[in-house]
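Novice: According to full-length UniProt numbering, the sequence shown holds residues 1 to 280 in order.
Each residue gets a CB set at the ideal place from its N, CA and C atoms; glycine is no exception.
All values derive from a computational prediction rather than experimental measurement.
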Amino acid sequence: MAAVASDPGVEIFSDELNHASLVDGLRLAKASGAKLRVYRHNDMEQLAQMLEQAPSGNGTRRLVVTDSLFSMDGDYAPLKELADLKRRHGFLLAVDEAHATLVCGKRGAGAAEMMGVEDAVDLHLGTLSKSIGSFGGFLACSAAWKSLLVTKARGQVFSTALPLPSVAGALAGIRVAQEEPERRALLWEHTRTVGAALGAKPQSPIFPVIVGSAERALAAGQELWERGFHVPAIRPPTVPAGTSRLRLSLSAAHTRSDVRDLILAMADMGLAKAPEVAKL
């Protein structure tokens with residue numbers, strides 16, 4: 001992000017709940033002269049107002065940056081609306097698919113694929129260390145952007161290449177996902193099952209179970225740990241005060257019995273209901 005936007009003629013618009021890694025990159029861009037503006041989470045009306053008020057032309061460039069799938073709430077950026085705004089206002093669109101890669105879309109290409117707006121995204125960012133199961137990150141972009149970034153991105157220019165085992169591991173992970181789509185199908189089956197147990201619309205395999213206080217979240221996380229489940233307690237400053245939560249993050253590596261036992265444990269703690277889970 002710093003390499004893309006580190007110029008006094010760049011104005012950046014960032015969702016307030018973007019991941020800390022994006023935020024840090026944007027702060028570097030701001031320190032280099034770019035102007036940074038933050039809009040309320042998924043508030044397309046406010047973003048549209050900001051874009052209308054921002055200068056355009058005369059060498060000014062505008063960049064909108066968002067996560068596609070937000071890690072703490074499990075909700076999505078309204079990428080179709082962002083694509084519409086892009087057509088009206090002519091900005092660059094950068095989307096971080098870290099939590100949606102190999103999870104969303106028919107091919108597992110991410111939330112932009114799932115929503116049918118891949119072509120509207122200029123910069124597809126992601127990680128190799130989550131669903132792909134390796135180490136490092138990636139940026140998918142046009143040849144022109146690639147040419148610019150390999151010469152201007154300090155983090156890339158002055159770093160060493162990924163270790164070959166990490167590259168091989170990433171390629172293997174992608175190949176497995178392509179050859180075994182049933183893994184992604186199982187993940188979404190788990191997502192529907194847990195969504196029903198929590199009484200929540202299953203948007204994604206990330207479920208925030210809001211419990212309120214940090215103390216209650218820690219206690220619930222510890223009890224689940226003692227029952228054999230690692231469900232992290234998320235608390236301030238990661239999330240606002242009063243919204244401490246358990247963060248359920250499902251995986252295709254979980255079995256149906258894993259999901260059943262988790263639901264039963266949470267139901268026993270008063271955090272979920274157990275509809276027909278004995279059949280799982």
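(1) Considering only their Cβ atoms, is the gap separating L79 from A112 smaller than 7 Å?
(2) Helix or strand or just coil, what does DSSP make of A31?
(3) Do S129 and F138 have their CB atoms nearer than 7 Å?
(4) Looking at V103 and V121, is the spacing between their C-beta atoms short of 7 Å?
(5) Does the distance from the CB of A272 to the CB of I263 come in under 7 Å?
(6) With respect to the alpha helix (DSSP H) encompassing R107, which residues constitute its N-terminal and C-terminal limits?
(7) So who's on the other strand from V117, going by DSSP bridges?
(8) Measuring only the C-alpha atoms, how far is V64 from A98?
(9) Work out the CA separation of I12 and G228 for me, nearest whole Å.
(10) Quick one: what does DSSP say L187 is sitting in, helix, strand or coil?
(11) Determine the extent of the beta strand (DSSP E) in which T151 is found, giving its start and end residues.
(12) From which residue to which residue does the alpha helix (DSSP H) around V65 run?
(13) Quick one: Cα of D119 to Cα of E179, how far?
(14) State yes or no: is the C-beta of A217 within less than 7 Å of the C-beta of R256?
(15) How is the beta strand (DSSP E) around V167 delimited, first residue to last?
(16) Which whole-angstrom value describes the C-beta separation of H89 and L123, a residue pair presumed to lie in contact below a C-beta threshold of 8 Å?
(17) What would DSSP say about R235, mapped onto helix, strand or coil?
(18) Along the beta strand (DSSP E) that carries L93, what are the first and last residues, could you check?
(19) Provide the residue span of the beta strand (DSSP E) that contains E81, from first to last.
Specialist: The answer reads as follows:
(1) yes
(2) helix
(3) no
(4) no
(5) yes
(6) Counting along the chain, R107 falls outside any alpha helix (DSSP H), and DSSP gives it neither H nor E.
(7) BP columns for V117 are empty, so no partner.
(8) 17 Å
(9) 44 Å
(10) helix
(11) Not the beta strand (DSSP E): T151 falls in the alpha helix (DSSP H), residues 143-152.
(12) Where V65 is concerned, there is no enclosing alpha helix (DSSP H), although the beta strand (DSSP E) it sits in stretches over 61-67.
(13) 24 Å
(14) no
(15) Looking at the DSSP string, V167 is not in any beta strand (DSSP E); the run it does join, the alpha helix (DSSP H), is 164-179.
(16) Not confirmed; about 17 Å, so no contact.
(17) coil
(18) 92-96
(19) Unbroken run through E81 is the alpha helix (DSSP H), 79-89; no beta strand (DSSP E).
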